[in-house]
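Visitor: The structure follows.
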Amino acid sequence: MRIKPYTGSFNILRLFVGDGFKLLILTPKIRNNIMEKIKILWADDEIDLLKPHVMFLEQKGFEVDTVTNGDDALEHVQDQNYDIIFLDENMPGLTGLETLTQIKNKKPNTPVVMITKSEEESIMEDAIGSKISDYLIKPVNPNQILLTIKKNLDTRRLVSEKTTINYQQEFRKIGMELGAINSWEEWVEMYQRLVYWELELESLEDPGMHEILKMQKDEANNLFTRFIENNYQDWLHGAEDKPTMSHTVFKNWIAPHLKPGKPVFLFMIDNLRHDQWKVVEKAISPMYRTESEKMYMSILPTATQFARNAFFAGLMPLEIEKRHPDLWVNDTEEGSKNASEDVFLKDQLKRLGLDIKMSYHKVIKQDFAKKLASNMKNLAQNDLNVIVYNFVDMLSHSKTDMEVIRELAEDDKAYRSLTESWFNNSPLLDMIRSAHEMGADVIITTDHGTINVDNPVKVVGDRNTNTNLRYKQGKSLNYDAKEVFFTTRPKDFFLPAPNVSTSYIFAKSNDFFAYPNNYNYYVSYYRNTFQHGGVSLEEMIIPMAILKAK
8 MRIKPYTGSF NILRLFVGDG FKLLILTPKI RNNIMEKIKI LWADDEIDLL KPHVMFLEQK
68 GFEVDTVTNG DDALEHVQDQ NYDIIFLDEN MPGLTGLETL TQIKNKKPNT PVVMITKSEE
128 ESIMEDAIGS KISDYLIKPV NPNQILLTIK KNLDTRRLVS EKTTINYQQE FRKIGMELGA
188 INSWEEWVEM YQRLVYWELE LESLEDPGMH EILKMQKDEA NNLFTRFIEN NYQDWLHGAE
248 DKPTMSHTVF KNWIAPHLKP GKPVFLFMID NLRHDQWKVV EKAISPMYRT ESEKMYMSIL
308 PTATQFARNA FFAGLMPLEI EKRHPDLWVN DTEEGSKNAS EDVFLKDQLK RLGLDIKMSY
368 HKVIKQDFAK KLASNMKNLA QNDLNVIVYN FVDMLSHSKT DMEVIRELAE DDKAYRSLTE
428 SWFNNSPLLD MIRSAHEMGA DVIITTDHGT INVDNPVKVV GDRNTNTNLR YKQGKSLNYD
488 AKEVFFTTRP KDFFLPAPNV STSYIFAKSN DFFAYPNNYN YYVSYYRNTF QHGGVSLEEM
548 IIPMAILKAK
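Counting from 1 along the sequence shown, just add 7 to a position and that's the residue number in our numbering.
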């Protein structure tokens, strides 16, 4: 065993054992809590009566300038930079609200705290509408002022420190629990916890914390792939503890919500991960409450032509091929692999005995999205409206092909941010607003997720081998069996076999397949890109939310 010291927000050690490593967090490093001198402007016509408050703040290390009217306050704001301004609402000459408006015109990002004797609702509303940072009612005590300063100027530091300490404690728990997980439900709960902490730590500027979480996610993914290797085939063949999967989720969770005369909008956002759903949910929450949020498992391969067809057909790919031989298109065949989803869905509704009116729309281009958004009210006559939205999938592929997207979506955090920015300005959000105006229920889900890959695994195949980086299908695959999840009997995984000797291999965790020919170029081009088709928490654990209009 060798011990390697680490520098970051914590004093930690990496303990290397064999080919892997474990982490042991010790104690947080002592932070220098000396606060930079904060400049405060306090405008109040009775400022002499507030001298004890001013002295209290100066003793705490703050620099305080005082004025007695709005005109002097504006002169000070023009000449100097203040970190926070306290403003009396009722002053002679310019009122507090008038002064506030002019301050915001000059220094829009400076927090202003309104102080008043009045509790009139209209004054409060005017002040809030003018973007004050806080509102205090006289008489105020010094500790109130101190709390307001900390809340407005030091929140980020305090939250950062508390979040870091909380994750330190949670890190130990997660580390101890990972090796003991032996059920699908426990993996769902663990993945949700990891995503929660990923979002909580997002605002921290310490790269060390992000590295620690990434290493913990990598460890979780390695253990998850072993779990899938041990259980996946049994689930497909009727194991009692099987999760709801791509081909059973519509029957189990969506069909019970479909009733004649009650419109439901099902939005399938292609290639949406759980962490991306959580940032999308924020934009929807003012309109909809999440009645239930569930996680189902994508089938393998976690690729659109398999997982999404299975979702709409309610069948595994091999069963689809047998039931619809004229519609199923194999990897090696020409033609669209997802051109018949509406036919598959209608067939599934018929098998489920659901006699309902439905519409199906697939959004690939912006012009069509805008046209559909403007036509939403006409869809209210249908009991089920399915809208497949392909933007996120196109975004992940664009990172591979376009340098500008590589820079904009450099890592998972940036990828989430880009998804959030797109969604908040998209016709898709307009569609959801229209559904809300109708009082319609909304279901949001996806077909599979994606993972940022960085570890190449060599594989050799013939010219008919598919090009996906996370799974390969072929009859002459050459690979290291210890590095992949594989089956030489596709029918055991309910997968089509174009040839008698066809086999499938799936990349694990954050691996991606690379050919030995021109290996270095291939690896550098595809490393740190988002791919799907293989086995990982991000690709296989799929969010589905049922939303009720507020």
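All residues carry an ideal CB built from backbone N, CA and C; glycine is no exception.
When you compare the CB positions of I91 and N159, do they come within less than 8 Å of one another, or not?
Guide: Cβ atoms of I91 and N159: closer than 8 Å.
Visitor: May I ask you to list the residues that DSSP assigns as paired with D556?
Guide: It should be noted that the sequence gives Ala, not Asp, for residue 556. According to DSSP, which records beta bridges pairwise, A556 is partnered with Y295.
Visitor: Does the structure place the stretch 425-442 close enough to the stretch 491-505 that three or more beta carbon pairs sit under 8 Å?
Guide: Contact between the stretch 491-505 and the stretch 425-442 is absent, because fewer than three Cβ pairs lie under 8 Å.
Visitor: Which of the three DSSP states, helix, strand or coil, is assigned to K479?
Guide: Reduced to three states, the DSSP call for K479 is strand.
Visitor: Exposed or buried, what is I553 when buried is set at 16 or more other beta-carbons lying within 10 Å of its beta-carbon?
Guide: Per the 10 Å Cβ criterion, buried.
Visitor: Determine whether the beta carbon atoms of L201 and T171 lie at a separation below 8 Å.
Guide: The answer is no: Cβ separation not under 8 Å.
Visitor: Among the candidates S516, F318, D469 and M304, whose CA atom is the shortest distance from the CA of W191?
Guide: Considering only alpha carbons, the answer is M304.
Visitor: Given this structure, state the Cα-to-Cα distance separating A521 from T162, to the nearest angstrom.
Guide: Going by the C-alpha atoms only, they are around 46 Å apart.
Visitor: Is the stretch 100-111 in contact with the stretch 54-61, if contact means three or more CB pairs nearer than 8 Å?
Guide: Result no; under three Cβ-Cβ pairs closer than 8 Å.
Visitor: Enumerate in chain order the residues of its own chain whose CB-to-CB distance from Q109 is below 6 Å, with the five nearest sequence positions on each side excluded.
Guide: L81.
Visitor: What would DSSP say about P149, mapped onto helix, strand or coil?
Guide: Helix.
Visitor: Taking 8 Å as the limit between beta carbons, can you name the residues of its chain near I327, skipping five residues before and five after?
Guide: Only N316, A317, A320, L334, W335 and F351 meet the Cβ criterion.
Visitor: For H83, which of I47, S543 and T452 has the nearest alpha-carbon?
Guide: When each option's Cα is compared against that of H83, the closest is I47.
Visitor: Specify the secondary structure class of V336 as computed by DSSP and reduced to three states.
Guide: Three-state DSSP puts V336 in coil, outside helix and strand.
Visitor: Below 8 Å on the Cβ atoms is my guess for R440 versus G540; work out the distance and round it to an integer in Å.
Guide: Not confirmed; about 34 Å, so no contact.
Visitor: Going by C-alpha to C-alpha distance, which of S343, D448 and L64 sits closest to L1?
Guide: Any property of residue 1 remains undetermined from this structure, which presents the chain solely from 8 to 557.
Visitor: So, under 8 Å CB-CB, D225 and S403 are touching, yes? Tell me the CB distance rounded to an integer number of Å.
Guide: Wrong, their Cβ atoms sit about 20 Å apart, outside the cutoff.
Visitor: Are the stretch 172-180 and the stretch 387-403 in contact at 8 Å, needing three or more beta carbon pairs?
Guide: No, they do not touch.
Visitor: When DSSP builds the beta bridges, which residues end up paired with K46?
Guide: E70.
Visitor: In the stretch 99-129, which residue ranges form an unbroken alpha helix (DSSP H) of at least 4 residues, counting only runs that do not cross its ends?
Guide: Qualifying alpha helix (DSSP H) stretches, in chain order: 103-113.
Visitor: Could you tell me whether the stretch 462-471 touches the stretch 276-291, using the rule of 3 or more Cβ pairs below 8 Å?
Guide: No, the stretch 462-471 is not in contact with the stretch 276-291.
Visitor: Hey, could you find the ends of the beta strand (DSSP E) F519 is sitting in?
Guide: First-last of the beta strand (DSSP E) with F519: D518 to A521.
Visitor: Return helix, strand or coil for F501, following the three-state DSSP convention.
Guide: Residue state, collapsed to three classes: coil.
Visitor: Please state whether DSSP places K285 in a helix, a strand or coil.
Guide: Helix, per DSSP.
Visitor: State the CB to CB distance for the pair K145 and K111, rounded to an integer number of angstroms; the pair is presumed to be in contact (CB under 8 Å).
Guide: 22 Å between Cβ atoms; not a contact.
Visitor: Determine the DSSP secondary structure at E545, reduced to helix, strand or coil.
Guide: Three-state DSSP puts E545 in a helix.
Visitor: Would you tell me roughly how many angstroms separate the C-alpha atoms of L265 and N337, rounded to the nearest one?
Guide: If I take the Cα positions, the gap works out to 32 Å.
Visitor: Check each candidate in K557, S510, P550 and S347 and name the one with the smallest Cα separation from P497.
Guide: When only C-alpha atoms are compared, the closest one is S510.
Visitor: Taking 8 Å as the cut-off, decide whether the C-beta atoms of Q538 and F513 are in contact.
Guide: Result no, Cβ atoms of Q538 and F513 do not sit closer than 8 Å.
Visitor: If you scan the stretch 159-194 from start to end, which runs of the alpha helix (DSSP H) of 4 or more residues do you find wholly inside it?
Guide: Here the runs fully enclosed are 162-185.
Visitor: Count the other C-beta atoms from every protein chain shown that fall within 10 angstroms of the C-beta of F375, then say buried if there are 16 or more, exposed otherwise.
Guide: Exposed, by the Cβ-count rule.
Visitor: If we count the other Cβ atoms within 10 Å of its Cβ and call it buried at 16 or more, is F28 buried or exposed?
Guide: Here F28 scores only 41 on pLDDT, less than 50, and its place in the model is too uncertain to base an answer on.
Visitor: Out of F231, V195, L107 and V491, which one is the CA nearest neighbour of S543?
Guide: For S543, the nearest C-alpha among the options comes from F231.
Visitor: Using 10 angstroms around the beta-carbon of S253, count the other beta-carbons present and answer buried if the total reaches 16, otherwise exposed.
Guide: Looking at its Cβ environment, which holds 16 or more other Cβ atoms inside 10 Å, S253 is buried.
Visitor: Please state if the CB of P550 and the CB of T457 are separated by a distance shorter than 8 Å.
Guide: Result no, Cβ atoms of T457 and P550 do not sit closer than 8 Å.
Visitor: Could you name the residues of the same chain whose beta carbon sits closer than 7 Å to that of R280, not counting the 5 residues immediately before and after it, in chain order?
Guide: Excluding residues within five positions, the ones whose Cβ falls inside 7 Å are G456, T457 and E545.
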